[in-house]
Amino acid sequence: MGERRRWRRPVRWPALAAMTVVLFAACSGGSKGGPPAATPTATVTTASPEATATVTATPTLQTINGVTVTPLHAGKPADIPAGVVLYVQGGCTQCDGPATSLDRVYRDAAGGLHSDRLFERKLRVENGTTYEENYIRTMRVSSTGNDIVIGVCDRGYCGGVGNATPDARTTFYGSNDGGITWNKMGQLAGDTWIIAVMGPGAMVRHAYQPSEGAPYTWEIVQLPGGEPAAIDPSLDVKTTTIITVGDWTPLVVGPDGMSLLWLPGPVNGTPWLGPQLPAGSRVLDARFSPSGAEGGIALVRWTAASPPNSYLGLMQERQGKPTTIFSDTPDTSISWLGQWLAPSTLVGNATLPAASLDSPLAVSGFAWGMPSLTDLKTGEVRPIQPLIERRLEGDRARISGRPLGRS
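What follows is the structure, given as structure tokens:
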């Protein structure tokens, strides 16, 4: 008899902004954001005995705090930039599967394409049966690519859809040489999602609800034993959002939904970053600028209620309004910031129209989570050619990047 495979627990994975990917919506538009920033061009024709006069209205662009908003738009497929290495998270999305691997993808000086497998889950085999119970729950790669932390669910069910089982356990592995060698860092009971790594063995973990209807929480723990660290009492772990803006650097979103403060607090301190955004806006993510970057010191992603849409802005100063702003459009939007590379390129994932992919696998509609390069000067979003078919064939292909050879 052939080898039998059995899932220990059926797993259905939601579309998480952080990790999951959905392939195609069989429709011609459909961003999660609001209406496009530019209104359609209107043409009015007036008949006369001598001639027909045509008057074309100029599109009206949206402005935010006096800054003209540039709509994101899809461009032609692009190659992996010279001197850049991509880190690609693998896993089957069409079969609702979890993350299973981490690859390093780049071109060498002669133009040859390389794809190196840095980490892969290990499956348990007993009496000819393969148990696909182990899966990668979470991972973090530093901007240098040298420091990597990966959490593997190796006992019970650690979450993804629904609550973790009582016997769930996450084991953490770390590399300080870009994935060449790995060391076991420690284990934590239950579900653990890495929000940020704060130093050797110290991390902020996000834990799913311990029971149905309970709030999501987070805590700072120290590996290998998982001892909790002190948190400023002004922070409510049930309501405070944490984002990572640089290498292992966690910030908390203030009560106003826009200001970003250092963890562990307090929330009434001076914000490290205080973007001036329209009332009701809420910051979703942010990135520090790399050395040699053009356009600002930080990149901020936020959502607004009126009009309902998501935006990307470049900050020239720590306190003030973004000086360059891009908006999502019905067929082009950012789904994962990834990494800001100098001088003005964002490596990440985006929703793009099928027509921009130049692939026979892209029939119609749009592709969500496509590996892409965003020009932070023009707002053009280009799919990364060597990864297009990998994504369309069902791989999650969530990416980040760094300069090749950076130490």
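Residue numbers (this note's numbering): 22 to 428. Where is the CB? At the ideal position from N, CA and C, for every residue including glycine.
Rounded to the nearest angstrom, how far is the Cβ of residue i from that of residue j, given a contact under 8 Å?
{"i": "Ile169", "j": "Gly195", "result": "7 Å"}
{"i": "Val368", "j": "Ala375", "result": "Not confirmed; about 22 Å, so no contact."}
{"i": "Thr353", "j": "Ala95", "result": "5 Å"}
{"i": "Arg190", "j": "Gly177", "result": "6 Å"}
Would residue i and residue j qualify as a contact pair, given that the criterion is a beta-carbon distance under 8 Å?
{"i": "Asp100", "j": "Gln406", "result": "yes"}
{"i": "Ser356", "j": "Thr345", "result": "no"}
{"i": "Ser280", "j": "Gly301", "result": "no"}
{"i": "Ile241", "j": "Ala250", "result": "yes"}
{"i": "Gly200", "j": "Asp416", "result": "no"}
{"i": "Pro404", "j": "Ser393", "result": "yes"}
{"i": "Trp239", "j": "Val218", "result": "no"}
{"i": "Leu358", "j": "Val109", "result": "no"}
{"i": "Leu397", "j": "Ser365", "result": "yes"}
{"i": "Leu256", "j": "Pro271", "result": "no"}
{"i": "Met144", "j": "Ser348", "result": "In the sequence as displayed, the identity of residue 144 is Leu instead of Met. Their beta carbons are not under 8 Å apart, which means Leu144 does not touch Ser348 by this criterion."}
{"i": "Leu425", "j": "Val162", "result": "no"}
Which residue's Cα is closest to the Cα of residue i: the options?
{"i": "Lys259", "options": "Gly247, Val273, Asn167, Val266", "result": "Val273"}
{"i": "Thr395", "options": "Thr91, Glu141, Pro343, Asn167", "result": "Thr91"}
{"i": "Glu315", "options": "Arg419, Val218, Glu338", "result": "Glu338"}
{"i": "Gly247", "options": "Asp253, Leu256, Gly207, Pro276", "result": "Gly207"}
{"i": "Arg142", "options": "Leu134, Arg161, Thr121", "result": "Thr121"}
{"i": "Leu378", "options": "Thr202, Thr291, Glu410", "result": "Glu410"}
{"i": "Asp212", "options": "Asp198, Ala307, Gln243, Cys174", "result": "Cys174"}
{"i": "Gln83", "options": "Pro329, Leu425, Val105, Met391", "result": "Pro329"}
{"i": "Gly341", "options": "Ser163, Gly295, Leu358, Tyr178", "result": "Gly295"}
{"i": "Thr261", "options": "Gly267, Arg303, Leu123, Val146", "result": "Arg303"}
{"i": "Leu107", "options": "Trp361, Gly400, Asn86", "result": "Trp361"}
{"i": "Ile171", "options": "Asn204, Gln243, Asn86, Met391", "result": "Asn204"}
{"i": "Gly275", "options": "Val266, Pro292, Gly267", "result": "Pro292"}
{"i": "Trp389", "options": "Arg419, Leu333, Ser380, Gly400", "result": "Arg419"}
{"i": "Tyr156", "options": "Leu123, Thr150, Pro102, Asp277", "result": "Leu123"}
Can you give me the start and stop residues for the beta strand (DSSP E) that residue i sits inside?
{"i": "Pro92", "result": "88-92"}
{"i": "Pro329", "result": "329-336"}
{"i": "Ile157", "result": "156-162"}
{"i": "Glu401", "result": "401-404"}
{"i": "Ser310", "result": "First-last for Ser310: undefined, no H or E at that position."}
{"i": "Met206", "result": "204-210"}
{"i": "Ala371", "result": "366-374"}
{"i": "Gln243", "result": "238-243"}
{"i": "Cys174", "result": "169-176"}
{"i": "Pro392", "result": "387-396"}
{"i": "Ser421", "result": "419-424"}
Over the uninterrupted alpha helix (DSSP H) stretch that includes residue i, give me the two end residues.
{"i": "Pro254", "result": "Looking at the DSSP string, Pro254 is not in any alpha helix (DSSP H), and its letter there is neither H nor E."}
Comparing the CB of residue i with every heavy atom of the ligand NAD, is any distance shorter than 7 Å?
{"i": "Gly334", "result": "In the structure shown, the ligand NAD is absent, as is every other ligand, since no ligand is present at all."}
Distance cutoff 8 Å, beta carbons only. Does residue i sit that close to anything in chain C?
{"i": "Gly87", "result": "Any reference to chain C falls outside this structure, which holds one protein chain only."}
| said: Quick check: the stretch 176-187 against the stretch 123-139, are at least 3 beta-carbon pairs closer than 8 Å? | reply: no
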